[in-house]
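Chemist: If you scroll down you'll find the structure; I have some questions about it.
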Amino acid sequence: MLVTKKKSLSAIAWPSGRGNETDEERKARKLRQREAKRVNDAINKELEAERQKIHKNKAGKILLLGQAESGKSTVLKNFQLHLAPRAFELEADIWRPVIHLNLVRSVNFIVNLAMSRGQLPRQDNPKVPRGPRKLSSSLTPELRKLTLRLAPLRQLEEHLIQILSGRPQVVNDSGVTIAQPYVPTKAPDITLSAGTQWRKTMTVQRQHSIDSMSSTASRESSEVVQCRRMLTALSNDIEALWANRSVQEMLKTAEITLHEQPGFFLDQVKRVTSENFRPRPGESLELNNRVNSRFDIITVDDVLKARVNTLGPEEHTIVAESGSDKAKHYTIYDVGGSRSQRNAWAQFFDDAPMSGFNQVLDEDTNVNRLTDSLRLWQSICSNRILAGVEFVLFLNKLDILESKLKSGVQFSEFVTSYTNKPNETEPVSKYLLDVFIRIHKQYSPKRRKLHSYLTCAVDTKATADIITKIQDVILLKILARVNLV
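Under UniProt numbering, the residues of the sequence shown are numbered 1 to 485, in order.
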């Protein structure tokens, strides 16, 4: 058998043609290679920069700016619910102590008002200390007993604030907890500093030993459990306080409508103080909204109604979970609504509350809320920095506007330019919408689009439809930035 010896592959080489290269030719070749590499690196760098630009431009940025109590936080929760429902549901449990604090503050507000009955503060002095005082002799025996039995809720309120804010209780030299003042026409908000870690703190507590799903205490701090148990023990007295005829007459006389205020849970005391008031693993919050058989389950409405206020801007990142926007990031900046916090402007101004036509600002009782909304809107429309930005305007709290008009409040008494028109929701809301549109047209530095909506932020279905339209607006702006439209 004939055997031939094969040459190794390493011995076979394509002729390089460099054997006859002169020094000058070799230098010229290396120079060309360096230039080719430089051009290639420059192209790769440019491609990477373009990729980063497209990636950056794919992130939708929204800045919420509106009057205090205009519903910004509720709109933000609707964005979270619509874009990332699974993440929204995972966070539902951390809102339970906030709901409890909302309830406690409403109760303490009524107790304070009852204790000061007959010596209500004057309008020019709206803040009154909430410390213990002698019970008014005008209180009925039943109401007097209720206020005494509910006295522990003062300390519980401070304790819940301490848990949420992650700070120690503030005491004075005598060791007595310093109580916050209250405004006699509304229950006080929960106010935490911007950047507070209350969400992270409560999330960590919830996830602690989360594998043991049968044990509530394993997922919560003992302090939170103790607070809830105290509320459960006092639930009958809380219900009796809200049902008390003297309390209802007192609130009506003082023109206080607690049921229209954020964080109102006095009509659901037994449910929200139940030991089992929590989300059910694997169950949809929106489904729970429609199922009445599970009496004690946290619902979407509960989370939307829960009220916590922050001082200063906060950043929220939402990652879309489905649809054409899946994995897309939305960064939403929530700016404080009081006049002292309006130091940042937005590409979206939203939440002008239509229901505030007969209300004044907490920080300045001489300023009508509707007047303040119109001034803020005019200021933003005329801002030249935002000249090329499209605005999305939400005229919010349509439900409260309707409730006020049906109760007999005359819109024309507060807005004198509204004459010879029905005191009904549709014509009043259309009139307000026309006013905002006219201001936008008059004060905008140049022509631009305005997307305007009449909204009720606690109506999740209607708000979801609006958010879908806003997503389309954002998408078109993104495509325009990367020259795809």
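Using N, Cα and C, we set each Cβ at its ideal position, and we do this for glycine too.
1. Short check: CB of Leu454 to CB of Leu395, under 7 Å?
2. Roughly how far, in whole angstroms, is the beta-carbon of Gln80 from the beta-carbon of Ile318, given that I think they are within contact range, below 8 Å?
3. Determine the DSSP secondary structure at Val75, reduced to helix, strand or coil.
4. Starting from Met393, trace the alpha helix (DSSP H) both ways and give me its first and last residue.
5. By the DSSP assignment, the beta strand (DSSP E) with Glu314 in it spans what residues?
6. Taking contact to mean 3 or more Cβ pairs, one atom from each stretch, closer than 8 Å, check whether the segment 259-279 and the segment 155-164 are in contact.
7. So, helix, strand or coil for Thr177, using DSSP?
8. Determine the direct distance from the alpha carbon of His440 to that of Asn383, and round the result to whole angstroms.
9. What is the DSSP secondary structure of Ile163, counted as helix, strand or coil?
10. Output the distance between the C-alpha atoms of Lys469 and Cys456, rounded to the nearest integer angstrom.
11. Please name the residue in Asp459, Ala387, Leu433, Val435 whose C-alpha comes closest to that of Arg447.
12. Using the DSSP secondary-structure output, state which residues sit across from Lys61 in a beta bridge.
13. Go ahead and pull the three-state DSSP assignment for Leu450.
14. Quick one, which of Leu370, Thr299, Arg369 has its alpha-carbon nearest Pro85's?
15. Between Arg339 and Ile110, what straight-line distance do the alpha-carbon atoms span, to the nearest angstrom?
16. So what's Leu420 in DSSP terms, helix, strand or just coil?
17. Exposed or buried, what is Pro141 when buried is set at 16 or more other beta-carbons lying within 10 Å of its beta-carbon?
18. Would you mind reading off the limits of the alpha helix (DSSP H) that contains Asp267?
19. Could you have a look at Ile297 and say whether DSSP puts it in helix, strand or coil?
20. At a cut of 8 Å, does the segment 230-248 reach the segment 148-156 through at least three beta carbon pairs?
21. Counting Cβ pairs closer than 8 Å, one from the segment 244-264 and one from the segment 92-110, do we hit at least three?
22. Mapping the DSSP letters down to three states, classify Asn236 as helix, strand or coil.
23. If the criterion is Cβ atoms closer than 7 Å, does the pair Val473 and Val308 meet it?
24. So what does DSSP say about Arg278, is it helix, strand or coil?
25. Taking 7 Å as the threshold (C-beta atoms), are Leu143 and Ser246 in contact?
26. Which class does Asn368 belong to by DSSP, given the choice of helix, strand or coil?
27. Out of curiosity, what's the CA-to-CA distance linking Leu83 and Trp95?
28. Give the straight-line distance between the Cα atoms of Thr232 and Glu260, rounded to the nearest whole angstrom.
29. Using beta-carbon positions only, say whether Leu156 and Met230 come within less than 7 Å of one another.
30. Phe414 and Trp377 - do their beta-carbons sit closer together than 7 Å?
Modeler: Quick answer:
1. yes
2. 6 Å
3. The answer is helix: DSSP assigns Val75 an H, G or I state.
4. Sequence inspection shows Leu at residue 393; the Met mentioned does not correspond to that position. Element bounds for Leu393: not the alpha helix (DSSP H) but the beta strand (DSSP E), 391-396.
5. In the DSSP annotation of this structure, the continuous segment of the beta strand (DSSP E) that includes Glu314 starts and ends at 314-319.
6. no
7. Low confidence applies here, because Thr177 scores a pLDDT of 35, under 50, leaving its location unreliable; read the following figure in that light. DSSP places Thr177 in strand when its eight states are reduced to three.
8. 11 Å
9. Helix at Ile163.
10. 16 Å
11. Ala387
12. Thr331
13. Looking at Leu450 - three-state DSSP - the assignment turns out to be strand.
14. Ranking Leu370, Thr299, Arg369 by Cα distance to Pro85 puts Thr299 first.
15. Any reading at Arg339 must be qualified, since the residue scores a pLDDT of 49, below 50, and its modelled position is unreliable; the value itself is stated next. If you take the alpha carbons of Arg339 and Ile110, they lie about 28 Å apart.
16. The question names Leu, yet the displayed sequence has Asn at residue 420. DSSP places Asn420 in coil when its eight states are reduced to three.
17. Classification of Pro141: exposed, given that the 10 Å Cβ count is below 16.
18. Counting along the chain, Asp267 falls outside any alpha helix (DSSP H), and DSSP gives it neither H nor E.
19. When DSSP states are grouped into helix, strand and coil, Ile297 belongs to the strand group.
20. They touch, by the three-pair rule.
21. Because the criterion of three Cβ pairs below 8 Å is met, the segment 244-264 and the segment 92-110 touch.
22. helix
23. no
24. strand
25. yes
26. strand
27. 19 Å
28. Rounded to whole angstroms, the gap between the alpha carbons of Thr232 and Glu260 is 24 Å.
29. Yes, the pair counts as a contact, with Cβ atoms nearer than the cut-off.
30. no
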